[in-house]
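Structure first, commentary second.
Numbering (this note's numbering), first residue to last: 30 to 180.
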């Protein structure tokens, strides 16, 4: 099964329902790039009339994690994945539609290849940048992914 936006959004509904109900949606995924959007609305707001930071983190994590899932699937190997650490910077109130983009598909491809070759777990940091509809950066998040061959 290939990973597509519609299949991943269905996965969200069943496996990550809080992200789904907050409006997190995968828009596109390719070899090295993944784009996820979420719109500020009543359900995902904070008391300061902007998007709650955890909703931004869900969208940003999906933009990195979808690439990890895709590379693992392409490898046809039994490999586990887990977020080991994360960090985030918030530079502007997140209102309107926020688009998170990760361009680190090449990094995860290398880590998956290394774990297959060595049998040892690998870690890597992947970055996702959140931009508002005016093209202004609202947040930047990094996730340290751990991948390990299970067989």
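Ideal placement from N, C-alpha and C gives every residue a C-beta, glycine not left out.
Given the structure is predicted, the values throughout are model-derived calculations rather than measurements.
Per-residue burial, residue i [other beta carbons within 10 Å of its own, 16 or more giving buried]
i, result
"residue 42", "exposed"
"residue 100", "buried"
"residue 95", "buried"
"residue 140", "buried"
"residue 86", "buried"
"residue 48", "buried"
"residue 50", "exposed"
"residue 111", "exposed"
"residue 31", "exposed"
"residue 168", "buried"
"residue 164", "exposed"
Whole-angstrom C-beta distance between residue j and residue i, which should lie under 8 Å
i, j, result
"residue 177", "residue 144", "6 Å"
"residue 53", "residue 67", "5 Å"
"residue 108", "residue 36", "Wrong, their Cβ atoms sit about 19 Å apart, outside the cutoff."
"residue 114", "residue 173", "4 Å"
Backbone secondary structure at residue i - three-state DSSP
i, result
"residue 167", "strand"
"residue 53", "coil"
"residue 146", "helix"
"residue 153", "strand"
"residue 44", "helix"
"residue 178", "strand"
* Taking the runs of the beta strand (DSSP E) that are 3 residues or longer, which of them lie wholly in the stretch 59-139? -> 63-68, 108-119, 126-131
* Spell out a yes or no on whether the stretch 68-78 and the stretch 140-159 are touching, meaning 3 or more CB-CB pairs, one atom from each, closer than 8 Å. => no
* Count the C-beta pairs between the stretch 109-129 and the stretch 83-97 that are closer than 8 Å, then say yes if the count reaches three, no if not. => yes
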